[in-house]
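Visitor:
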Amino acid sequence: AENVRRVAKAKGVEASGVSVVVLDRDRHVELIKALREAGAKVFLITDGDVAPSIAAAQEGTGVDLLMGVGGTPEGVISAAALKCLGGGMQGKLWPRTPEERQTILDQGYDLDRVLSTDDLVAGQDVFVAATGVTTGALLKGVRYTEAGAVTDSLVMRSRSGTFRRIEAHHAFEKLMKFSRIKYR
113 AENVRRVAKA
123 KGVEASGVSV
133 VVLDRDRHVE
143 LIKALREAGA
153 KVFLITDGDV
163 APSIAAAQEG
173 TGVDLLMGVG
183 GTPEGVISAA
193 ALKCLGGGMQ
203 GKLWPRTPEE
213 RQTILDQGYD
223 LDRVLSTDDL
233 VAGQDVFVAA
243 TGVTTGALLK
253 GVRYTEAGAV
263 TDSLVMRSRS
273 GTFRRIEAHH
283 AFEKLMKFSR
293 IKYR
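Position one of the sequence shown corresponds to residue 113 (my numbering), numbered consecutively onward.
1. Taking the alpha-carbon positions, what's the Leu197 to Ser190 distance?
2. Pull up the distance between the alpha-carbon of Lys286 and that of Thr247, whole angstroms please.
3. So the candidates are Glu212, Asp136, Gln219; which of them puts its Cα closest to the Cα of Gly180?
4. Between which two residues does the alpha helix (DSSP H) holding Phe155 run?
5. Do Leu178 and Val119 count as a contact pair if the criterion is CB distance below 8 Å?
6. So Gly187 is in the alpha helix (DSSP H); what residue range does that whole segment cover?
7. Quick one: using the 10 Å Cβ neighbour count with 16 as the cut-off for buried, is Lys195 buried or exposed?
8. According to DSSP, simplified to helix, strand and coil, what is Leu227?
9. I need the straight-line Cα distance from Glu279 to Ala163, nearest angstrom please.
10. Ends of the beta strand (DSSP E) at Ser270?
11. Any chance the stretch 233-242 sits against the stretch 204-211, with 3 or more Cβ pairs inside 8 Å?
12. Check whether the stretch 249-266 touches the stretch 207-225, counting contact only when three or more Cβ pairs, one atom from each stretch, lie closer than 8 Å.
13. Whose C-beta lies closer than 6 Å to the C-beta of Ala192 among residues of the same chain, with five residues either side of it excluded?
14. Please report the residue range of the alpha helix (DSSP H) in which Phe290 lies.
15. Alpha carbon to alpha carbon, how far is Gly220 from Arg148? Give it in angstroms, no decimals.
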């Protein structure tokens with residue numbers, strides 16, 4: 113609720129003007145309840161938590177925050193993308209089992225420490241590249257044509273702040289001249 117109030121204040125809107133994306137998981141029942149009680153608009157997703165993290169860092173997407181517990185790989189990818197976009201995030205390690213918890217503690221990590229974007233991605237010259245395989249909120253999936261395929265990608269770099277969208281057309285006939293992969 114505090115994060116919703118802070119974002120509302122920064123945007124100059126009421127809490128009802130803040131949109132929060134949350135993974136639809138049992139572990140988020142209390143979070144969802146608290147967000148709704150705070151007045152935020154809550155959007156539940158079944159998977160794909162990297163896309164809304166990127167959307168939250170861009171204007172005009174309708175996403176202000178992504179909250180809740182997600183996967184570690186997705187958190188690191190999101191942190192890298194957010195670093196490129198000038199955004200930020202915070203997170204904590206969230207072990208799923210007692211064994212995982214013990215492994216984390218044995219490796220010297222503090223489960224109570226709030227990790228920042230820089231903790232998750234320490235470099236200052238970060239690159240992110242992603243290509244859609246199936247269509248999602250951020251990228252279109254691979255589309256096949258008579259001549260080959262069309263892909264939708266994004267490429268980002270933190271140092272320059274550049275964010276590129278690339279629609280690539282792949283000609284299978286030409287690719288098969290030098291590739292070991294049979295495209296047809």
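Note that the Cβ used here is the ideal one computed from N, Cα and C, for glycine as well.
Guide: If we stick to the structure as given:
1. Locating residue 197 in the sequence shown gives position 85, counting from the first residue. Locating residue 190 in the sequence shown gives position 78, counting from the first residue. Answer to the nearest angstrom: the Cα atoms are 10 Å apart.
2. Reading the sequence shown from its first residue, position 174 is the one you call residue 286. Reading the sequence shown from its first residue, position 135 is the one you call residue 247. Roughly 26 Å between the two C-alpha positions.
3. Stepping through the sequence shown from its first residue, residue 180 is reached at position 68. The residue with the shortest Cα to Cα distance from Gly180 is Asp136.
4. Counted from its first residue, the sequence shown places residue 155 at position 43. No alpha helix (DSSP H) contains Phe155, which is instead part of the beta strand (DSSP E) from 153-157.
5. What you label residue 119 is simply residue 7 of the sequence shown in a count that begins at 1. What you label residue 178 is simply residue 66 of the sequence shown in a count that begins at 1. Cβ distance not < 8 Å, so Val119 and Leu178 don't count as in contact.
6. Position 75 of the sequence shown, counted from the start, is the residue given in the question as residue 187. It spans 184-197 - the alpha helix (DSSP H) in which Gly187 sits, taken as one unbroken run.
7. As a position in the sequence shown, residue 195 is number 83, starting the count at 1. Buried, because 16 or more other Cβ atoms sit within 10 Å of the Cβ of Lys195.
8. Start at 1 with the first residue of the sequence shown, and residue 227 comes out as number 115. Leu227: strand per DSSP, three-state reduction.
9. Walking along the sequence shown from the start, residue 279 turns up at place 167. Walking along the sequence shown from the start, residue 163 turns up at place 51. Their Cα atoms are separated by approximately 18 Å.
10. For the purposes of this step, residue 270 is taken as the residue at position 158 of the sequence shown. No beta strand (DSSP E) holds Ser270; DSSP gives it neither H nor E.
11. no
12. no
13. Within the sequence shown, residue 192 is the residue found at index 80, counting from 1. The residues are Val233, Val238, Val240.
14. Here residue 290 corresponds to residue number 178 of the sequence shown, with the count starting at 1. Where Phe290 is concerned, there is no enclosing alpha helix (DSSP H), given that its DSSP letter is neither H nor E.
15. Taking the first residue of the sequence shown as position 1, residue 148 is located at position 36. Taking the first residue of the sequence shown as position 1, residue 220 is located at position 108. The alpha-carbon atoms of Arg148 and Gly220 are separated by roughly 37 Å.
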